[in-house]
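**Student:** To start, I am sharing the structure in question, which I have written as structure tokens.
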Amino acid sequence: MFDHAQEFGYSLAHRVHTMSSPAIPPAAARVPNAAADALPAGVSPRSAAYKRIALALFLAGFSTFSLLYCVQPLLPAFAREFNIGAASSSLSLSLSTGMLALSILCAGALSERVGRRGLMFASMTLAALFNLLAAISPSWNLLLVWRALEGFALGGVPAVAMAYLAEEIAPDGLGLSMGLYVGGTAFGGMIGRIGMSALEEYFSWRTAMLSIGVVDLLAAIAFVMLLPQSRRFVKRTDLTLRHHLRLWRAQLHHARLPFVFAIGFLVMGSFVTVYNYAGFRLMAAPFNLSATACGLIFGAYLFGMVSSSSAGALADRLGRAPVLVSGILVFAAGLALTLSHSLVAIIVGIVLITIGFFVAHAVASGWVGHLAGSAKGHAASLYLLAYYLGSSVLGSAGGTFWQHGAWRAVVAFVAVLLVLSLVAAHRIIRAERVR
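Under numbering that gives the first Met the number 0, think of the first position of the sequence shown as 0, with each following residue one higher.
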């Protein structure tokens, strides 16, 4: 498993110098030659500082995604506690991912002015505190307020973490450190979901949220104690809002990039919709699974971690378009299996859905870097905006289908989204042929 994370890290590291956050090239590329020569060397993978940085960024990835997705297995509990429907309960996740999408656009530019380390620590600390406040909220509306603020705070970690690594780590150690960060995000997302399920079943959803909030508050403290001050960061104050808007507008007028953004929006929305409402189905008759048993299904993420690291190599060998389309079709096959009345078939379906999603996402995100030209950071931020908005908007919309037509309606909704994804992929392929 670690080898796959490392392999993915090297692939990501190849792009991160120009794609990590809006308008953030490597430190040496952002200053005159004389000043660049004066920058200290990057941290060697054989040094003690490297180990501290790698562990700190693993904790940052774990904290961010365990906090973001900790409510997903709690949606049925929210529906019972506050006497609300499935669509309303999903707002606890959708508002967080929506606010995260918006804050990611700002975080990279802000870190250029205030620095990376302090912004990441503030983001992790505030998000953990907001999660604790959500856990003790007396009303549903107040819980949603805290979750929205939590999502906005979390936006200060993902792009900034990659920028920090790109600046501070020597090239021969960047792939491994990036792999550890990516591993932390996947591990956090999986443990956040599985751990919440067990704690909710044996204690309560409030205890579950309090527990993850305390764990991630401690993770933030450990993070800032471990992570060295930036040595190669060069403050920038010359990037105006007009500059960013001009580059974002150019990406939206690209012949193919908007369709890649659309694929990110659609496949992420499809994936979150399945995971949001699968728990409602499996905890009801005829399956009647416990919260803990449902939570174990999130272990399918392990298959996603493997498939995402393999997708890039397949795309290099076979071409991006066939691998992307194959990922969507694998997702669709898994979706069809979830219509079965066999629990084994449903679990296999969820595994296929997870593999298909991670393949499609890995190829689409890599395609952004390939198509974006010199403004890779701005294109990447637009892709992440579409990706998390898909989670937010479509993830909540799926609840309406669940309430009016149960699982078959959810499957029909997601099937339409997958067809639209294939249409977008076809438009990209056609645009490439007429270049």
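For each residue, glycine too, the CB sits at the ideal point set by N, CA and C.
Would you kindly work out how many angstroms separate the C-alpha atoms of S390 and R79, rounded to a whole number?
**Tutor:** Cα-Cα distance, rounded: 23 Å.
**Student:** Taking the alpha helix (DSSP H) that F120 belongs to, which residues open and close that run?
**Tutor:** It spans 115-134 - the alpha helix (DSSP H) in which F120 sits, taken as one unbroken run.
**Student:** Rounded to the nearest angstrom, what separates L475 and P257 at their Cα positions?
**Tutor:** This structure cannot speak to residue 475, because the chain is shown only from 0 to 434.
**Student:** Can you tell me where the alpha helix (DSSP H) holding V266 begins and where it ends?
**Tutor:** Note, V266: alpha helix (DSSP H), 256-281.
**Student:** Compare the Cα-Cα distances from V358 to each of S380, L336, V322 and report the closest residue.
**Tutor:** Cα-wise, what sits closest to V358 is V322.
**Student:** Measure the alpha-carbon distance for S95 versus L417 and round it to whole angstroms.
**Tutor:** In a straight line, the C-alpha of S95 is about 24 Å away from that of L417.
**Student:** Just confirm the distance between the C-beta atoms of L240 and A127, as a whole number of angstroms; I'd bet it's less than 8 Å.
**Tutor:** That belief does not hold up - the Cβ atoms of L240 and A127 are roughly 30 Å apart, past 8 Å.
**Student:** Measure the CB-CB distance between F270 and Y382 and report whether it falls below 8 Å.
**Tutor:** Result no, Cβ atoms of F270 and Y382 do not sit closer than 8 Å.
**Student:** Given that a residue counts as buried once 16 or more other Cβ atoms are within 10 Å of its Cβ, and exposed if not, what is L342?
**Tutor:** Per the 10 Å Cβ criterion, exposed.
**Student:** Do L104 and I211 have their C-beta atoms closer together than 8 Å?
**Tutor:** No, the Cβ-Cβ distance between L104 and I211 is not below 8 Å.
**Student:** Can you list, in chain order, the residues of its chain whose CB lies under 6 Å from that of T291, leaving out five sequence neighbours each side?
**Tutor:** Answer for T291: S196, A197, E200, listed in chain order.
**Student:** Starting from I168, follow its DSSP beta bridges and name the residues at the other end.
**Tutor:** Bridge partners of I168: V42.
**Student:** Can you give me the Cβ contacts of L351 inside the same chain, cut-off strictly under 6 Å, excluding the 5 residues immediately before and after it?
**Tutor:** Cβ neighbours of L351 beyond the five flanking positions: V329, A332, G333.
**Student:** Since Q250 contacts A106 with CB under 8 Å, what's their CB separation in whole angstroms?
**Tutor:** In fact, because the Cβ distance is near 18 Å, the residues do not count as touching under 8 Å.
**Student:** Taking three-plus beta-carbon pairs below 8 Å as touching, is the segment 56-66 in contact with the segment 263-282?
**Tutor:** Taking 8 Å as the limit for Cβ pairs, the verdict is that the segment 263-282 does not touch the segment 56-66.
**Student:** Which residues in the same chain as S102 place their Cβ atom closer than 6 Å to its Cβ, once the five residues preceding and following it in sequence are excluded?
**Tutor:** The residues are F151, G154.
**Student:** Are there 16 or more other CB atoms within 10 angstroms of the CB of R115, so buried, or fewer, so exposed?
**Tutor:** Its Cβ being crowded by 16 or more others within 10 Å, R115 is buried.
**Student:** Less than 6 Å between C-beta atoms, sequence neighbours within five positions excluded: which residues of the same chain meet that for L179?
**Tutor:** Closer than 6 Å at the Cβ level, and outside the excluded window around L179, lie A53, F57.
**Student:** Would the beta-carbon of A133 fall within 8 Å of that of L142?
**Tutor:** In contact: A133 and L142 (Cβ atoms closer than 8 Å).
**Student:** Only counting the same chain, and skipping five residues up and downstream in sequence, which positions put a Cβ closer than 8 Å to that of L225?
**Tutor:** These residues qualify, in order along the chain: R51, I52, L54, A55, L58.
**Student:** Starting from the Cα of S88, find the closest Cα among A335, R146, S122 and give me that residue.
**Tutor:** Among A335, R146, S122, the Cα nearest to that of S88 is on R146.
**Student:** Could you tell me the distance, in whole angstroms, from the CA atom of G404 to the CA atom of T184?
**Tutor:** Distance between the alpha carbons of G404 and T184 is about 34 Å.
**Student:** In whole angstroms, what is the alpha-carbon distance linking L419 and L92?
**Tutor:** Approximately 24 Å, taken between the alpha carbons.
**Student:** Taking DSSP as the reference, what is the three-state secondary structure of F286?
**Tutor:** F286 falls in the coil class under three-state DSSP.
**Student:** Where does T337 fall in DSSP's three states?
**Tutor:** If DSSP states are grouped into helix, strand and coil, T337 belongs with coil.
**Student:** Can you give the beta carbon distance from S110 to A162, rounded, assuming they're within the 8 Å contact cut?
**Tutor:** 7 Å between Cβ atoms; contact.
**Student:** Taking only the alpha-carbon atoms, compute the straight-line gap between M123 and R429 and give it to the nearest angstrom.
**Tutor:** Each residue's Cα considered, the two are about 43 Å apart.
**Student:** To which residues of the same chain is L421 closer than 7 Å at the C-beta, ignoring the five residues directly before and after it?
**Tutor:** For L421, where only same-chain residues beyond five positions count, the Cβ hits under 7 Å are V324, I327.
**Student:** Suppose contacts are defined by Cβ-Cβ distances below 8 Å. Is L246 in contact with H377 by that definition?
**Tutor:** In contact: L246 and H377 (Cβ atoms closer than 8 Å).
**Student:** Excluding the five sequence neighbours on either side, which residues of its own chain have a C-beta within less than 6 Å of the C-beta of M98, listed in chain order?
**Tutor:** Here the set comprises A147, G150, F151.
**Student:** Just the Cα atoms here: how many angstroms apart are S380 and V213?
**Tutor:** If you take the alpha carbons of S380 and V213, they lie about 30 Å apart.
**Student:** Within the same chain, show all residues whose beta-carbon is closer than 6 Å to that of A344, passing over the 5 residues directly before and after it, in chain order.
**Tutor:** Closer than 6 Å at the Cβ level, and outside the excluded window around A344, lie L336.
**Student:** Terminal residues of the continuous alpha helix (DSSP H) containing N140?
**Tutor:** It spans 139-153 - the alpha helix (DSSP H) in which N140 sits, taken as one unbroken run.
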